[in-house]
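Worksheet: one structure, shown below.
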Amino acid sequence: MPYAKVLIVDDVSTNLDFAKGVLKPYGMQVDCITSSIEAVKLIRNPTTRYDAIFMDYMMPEMDGLEAVRIIRKEIDSDYARNIPIIALTASVDEGEEELFMRGGFQAFLTKPIDVRLMDAILQKWVRDMGCEQKCCSGSIPMCNAATRQEPGNFRKACMVESPRIEGLEWQTGLNYCAGDKDAYLSIIRSYVDNTAPLIHRICDIDEETLADYTIHVHGIKGSSYSIGATVIGKQAEELERAARAGDFQLVSRETPLFVENVKKFLNALSNLLKTCSTETDEKPKQHAPNKTLLDQMEEAAANYKIDDLEESMKALECFKYETQAELVIWLREKVNQMDFIAIHERLVQRNQEAPEGRK
Numbered sequence: 629m630p631y632a633k634v635l636i637v638d639d640v641s642t643n644l645d646f647a648k649g650v651l652k653p654y655g656m657q658v659d660c661i662t663s664s665i666e667a668v669k670l671i672r673n674p675t676t677r678y679d680a681i682f683m684d685y686m687m688p689e690m691d692g693l694e695a696v697r698i699i700r701k702e703i704d705s706d707y708a709r710n711i712p713i714i715a716l717t718a719s720v721d722e723g724e725e726e727l728f729m730r731g732g733f734q735a736f737l738t739k740p741i742d743v744r745l746m747d748a749i750l751q752k753w754v755r756d757m758g759c760e761q762k763c764c765s766g767s768i769p770m771c772n773a774a775t776r777q778e779p780g781n782f783r784k785a786c787m788v789e790s791p792r793i794e795g796l797e798w799q800t801g802l803n804y805c806a807g808d809k810d811a812y813l814s815i816i817r818s819y820v821d822n823t824a825p826l827i828h829r830i831c832d833i834d835e836e837t838l839a840d841y842t843i844h845v846h847g848i849k850g851s852s853y854s855i856g857a858t859v860i861g862k863q864a865e866e867l868e869r870a871a872r873a874g875d876f877q878l879v880s881r882e883t884p885l886f887v888e889n890v891k892k893f894l895n896a897l898s899n900l901l902k903t904c905s906t907e908t909d910e911k912p913k914q915h916a917p918n919k920t921l922l923d924q925m926e927e928a929a930a931n932y933k934i935d936d937l938e939e940s941m942k943a944l945e946c947f948k949y950e951t952q953a954e955l956v957i958w959l960r961e962k963v964n965q966m967d968f969i970a971i972h973e974r975l976v977q978r979n980q981e982a983p984e985g986r987k
């Protein structure tokens, strides 16, 4: 479906990477964002159009149900009222399916995403035979795990065939990625990078922050199941259940051990990634990121121009920088999350703080 463009909304970046991996064979444009508030702004923007939205149900600041309510009821356009919105959730409790449907969702998918169910939803809500005939001359390019090739941080011939890491069901996670080892390793790296901040957020907890704790541990649960980390996933699920029930004593008693277990698990995964990573450094060097490109990104972020933002980002990543390399890394993270506000604010601040002639 190379003609299609979809938006994925999830506050956990690992879940975004996993969903992108599932959608990769369809050849469609996949935009990702970590905030439902930003998603609502995108739908309000008259220059941005999607064929479908995949929306996480439980997110901080604004949950999926509230975001869908605003899209359906407060944005006065046929596009907002009719765009297919599919709920993403780590579990569906009794009565929640009806809640989704009454709340304005067309369907729901549980995490880890089942590729067959995803395909059924795409066939029903996204596929357009007229576009296929027009764009592809009636022929849809086929792609599978054996033929997909994409630059990455891993060797195709990674020496680790089936690593034994306590708590990781390697084959289960690999099956979620249709047998694509490189895609699986990329998602594991995303899990390592993005789970550490979530662990930090659940360390300091009191009864007033129990609701936030529930959201964060829910995110750990979903991303853990998505990579085949079933032990951590089950522990997170038990803590989420206790937090939902308001059992602060159990949560405060069990969380420190859970945090230690996750840290050990992340360390084991990091060691695995080191054995499979490449250390090539073929990029030419520059002293600092190009100011013109940064200015273009500032303007693109201010106007929600996703394609322009990505184009400038890729141009920045063509070089290795002697200074401000951390800015480029930060920008890539925020571009992946489509965090337009953060990008714009930081680049504006950078221009205000930089001495004249050295911006």
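In case it helps, our numbering puts the sequence shown at residues 629 to 987. Note that the Cβ used here is the ideal one computed from N, Cα and C, for glycine as well.
Near residue 907, what residues of its chain come up, given a Cβ to Cβ distance below 6 Å and the 5 sequence neighbours on each side ignored?
For the purposes of this step, residue 907 is identified with residue 279 of the sequence shown, where counting begins at 1. Because residue 907 carries a pLDDT of 43, less than 50, the predicted location of this residue cannot be relied on, and the following value inherits that uncertainty. So the list is empty, once near-sequence residues are dropped.
Close Cβ partners of residue 604 (< 8 Å) along its chain, the five nearest in sequence each way excluded
Past the edges of the chain, shown from 629 to 987, lies residue 604, and the structure says nothing about it.
Helix, strand or coil: which one does DSSP assign to residue 757?
The count along the sequence shown starts at 1 and reaches residue 757 at position 129. Looking at residue 757 - three-state DSSP - the assignment turns out to be helix.
Collapsed DSSP secondary structure at residue 913 in the structure displayed
The count along the sequence shown starts at 1 and reaches residue 913 at position 285. Three-state DSSP puts residue 913 in a strand.
For residue 800 and residue 856, believed in contact at Cβ under 8 Å, the rounded distance
Within the sequence shown, numbered from 1, the residue matching residue 856 stands at position 228. Within the sequence shown, numbered from 1, the residue matching residue 800 stands at position 172. Residue 856 to residue 800, Cβ: 4 Å. Contact.
Given that a residue counts as buried once 16 or more other Cβ atoms are within 10 Å of its Cβ, and exposed if not, what is residue 739?
Taking the sequence shown and counting its residues from 1, one reaches residue 739 at position 111. That one is buried.
Please classify residue 705 as buried or exposed, where buried requires at least 16 other C-beta atoms within 10 Å of its C-beta.
Here residue 705 refers to the residue found at position 77 of the sequence shown. Classification for residue 705: exposed.
Indicate whether residue 699 and residue 635 have their beta-carbon atoms separated by less than 8 Å.
Residue mapping note: residue 699 aligns to position 71 of the sequence shown, counting from 1. Residue mapping note: residue 635 aligns to position 7 of the sequence shown, counting from 1. Not closer than 8 Å, so no.
Using only CA atoms, which one of 690, 743, 691, 734 lies nearest to residue 710?
For the purposes of this step, residue 710 is taken as residue 82 along the sequence shown, with counting starting at 1. When each option's Cα is compared against that of residue 710, the closest is 734.
Could you spell out where the alpha helix (DSSP H) holding residue 717 opens and where it closes?
Here residue 717 refers to the residue found at position 89 of the sequence shown. Per DSSP, residue 717 belongs to no alpha helix (DSSP H); it is in the beta strand (DSSP E), 713-717.
If you follow the beta strand (DSSP E) that residue 703 is part of, which residue opens it and which one closes it?
On the sequence shown, residue 703 is found 75 positions in, with the first residue counted as 1. That residue, residue 703, is in no beta strand (DSSP E); it is neither H nor E in DSSP.
Tell whether a beta-carbon distance below 8 Å holds between residue 967 and residue 724.
Here the question's residue 967 lines up with position 339 in the sequence shown. Here the question's residue 724 lines up with position 96 in the sequence shown. Result no, Cβ atoms of residue 967 and residue 724 do not sit closer than 8 Å.
Cβ pair residue 639, residue 684 closer than 8 Å
As a first step, residue 639 must be located in the sequence shown, where it is residue number 11. As a first step, residue 684 must be located in the sequence shown, where it is residue number 56. Closer than 8 Å, so yes.
Give me the Cβ distance between residue 944 and residue 917, rounded to the nearest whole Å; I'm assuming they're in contact under 8 Å.
Counting from one through the sequence shown, the residue named residue 944 turns up at place 316. Counting from one through the sequence shown, the residue named residue 917 turns up at place 289. That belief holds up - the Cβ atoms of residue 944 and residue 917 are roughly 6 Å apart, short of 8 Å.
Enumerate, from N- to C-terminal direction, the unbroken alpha helix (DSSP H) stretches of 4 or more residues contained entirely within the stretch 872-944.
876-904, 919-930, 934-944
Cα-Cα, which of 956, 632, 930 is closest to residue 755?
Position 127 of the sequence shown, counting from 1, holds the residue named residue 755. Ranking the options by Cα distance to residue 755, first place goes to 632.
Quickly, what does DSSP pair residue 683 with across the bridge? List them, please.
To locate residue 683, count along the sequence shown from 1; it is residue 55. For residue 683, which the question treats as bridged, DSSP gives the partners 637, 715.
Quick check on residue 806: does DSSP put it in helix, strand or coil?
Position 178 of the sequence shown, counting from 1, holds the residue named residue 806. Note: residue 806 maps to coil in three-state DSSP.
Hey, could you find the ends of the beta strand (DSSP E) residue 998 is sitting in?
The structure shown has nothing for residue 998, since the chain only spans 629 to 987.
Could you spell out the range, first to last residue, of the alpha helix (DSSP H) harbouring residue 977?
On the sequence shown, position 349 is the one that residue 977 refers to. Where residue 977 is concerned, the enclosing alpha helix (DSSP H) stretches over 968-981.
Exposed or buried, which one is residue 957 when buried takes at least 16 other CB atoms within 10 Å?
In the sequence shown, the residue the question calls residue 957 occupies position 329. Exposed is the call here.
Classify residue 823 as buried or exposed, calling it buried when 16 or more other Cβ atoms lie within 10 Å of its own Cβ.
Numbered from 1 along the sequence shown, position 195 holds the residue referred to as residue 823. By the 10 Å Cβ count, residue 823 comes out buried.
Nearest to residue 971 (by Cα), restricted to the options 831, 934, 805
In the sequence shown, the residue the question calls residue 971 occupies position 343. Nearest option by C-alpha distance: 934.
Mapping the DSSP letters down to three states, classify residue 575 as helix, strand or coil.
Residue 575 is absent from the model: the chain starts at 629 and stops at 987.
Relative to the alpha-carbon of residue 828, which residue among 978, 925, 840 has its alpha-carbon at the smallest distance?
For the purposes of this step, residue 828 is identified with residue 200 of the sequence shown, where counting begins at 1. With distances taken between Cα atoms, residue 828 lies closest to 840.
Measuring straight from C-alpha to C-alpha, what distance separates residue 741 and residue 981?
Residue mapping note: residue 741 aligns to position 113 of the sequence shown, counting from 1. Residue mapping note: residue 981 aligns to position 353 of the sequence shown, counting from 1. In a straight line, the C-alpha of residue 741 is about 44 Å away from that of residue 981.
Element boundaries [alpha helix (DSSP H), containing residue 988]
It is not possible to answer for residue 988, since the shown part of the chain is limited to 629 through 987.
Bridge partner(s) assigned by DSSP for residue 989
In the structure as shown, the chain starts at 629 and stops at 987, and residue 989 therefore has no counterpart that could be examined.
Assigned exposure category for residue 729 - 16 Cβ within 10 Å defines buried
Sequence index remark: in the sequence shown, residue 729 carries index 101 (1-based). Exposed, because fewer than 16 other Cβ atoms sit within 10 Å of the Cβ of residue 729.
May I ask which residues mark the beginning and end of the beta strand (DSSP E) holding residue 796?
For the purposes of this step, residue 796 is taken as residue 168 along the sequence shown, with counting starting at 1. Per DSSP, residue 796 belongs to no beta strand (DSSP E) and is neither H nor E.
How far does the alpha helix (DSSP H) with residue 728 in it reach, from first residue to last?
On the sequence shown, residue 728 is found 100 positions in, with the first residue counted as 1. It spans 724-730 - the alpha helix (DSSP H) in which residue 728 sits, taken as one unbroken run.
Apart from the five residues on each side of it in sequence, which residues of its chain come closer than 8 Å, Cβ to Cβ, to residue 816?
Numbered from its first residue, the sequence shown carries residue 816 at position 188. So the list reads 801, 855, 897, 900, 901, once near-sequence residues are dropped.
Identify which residue in 702, 651, 661, 669 has its Cα closest to the Cα of residue 746.
As a working mapping, residue 746 is identified with position 118 in the sequence shown. Residue 746 has its Cα closest to that of 651, out of 702, 651, 661, 669.
The beta strand (DSSP E) that contains residue 736, what's its start and end?
As a first step, residue 736 must be located in the sequence shown, where it is residue number 108. From DSSP, the beta strand (DSSP E) with residue 736 extends over 735-738.
Does the distance from the C-beta atom of residue 868 to that of residue 845 stay below 8 Å?
Locating residue 868 in the sequence shown gives position 240, where the first residue counts as 1. Locating residue 845 in the sequence shown gives position 217, where the first residue counts as 1. Yes, they are a contact pair.
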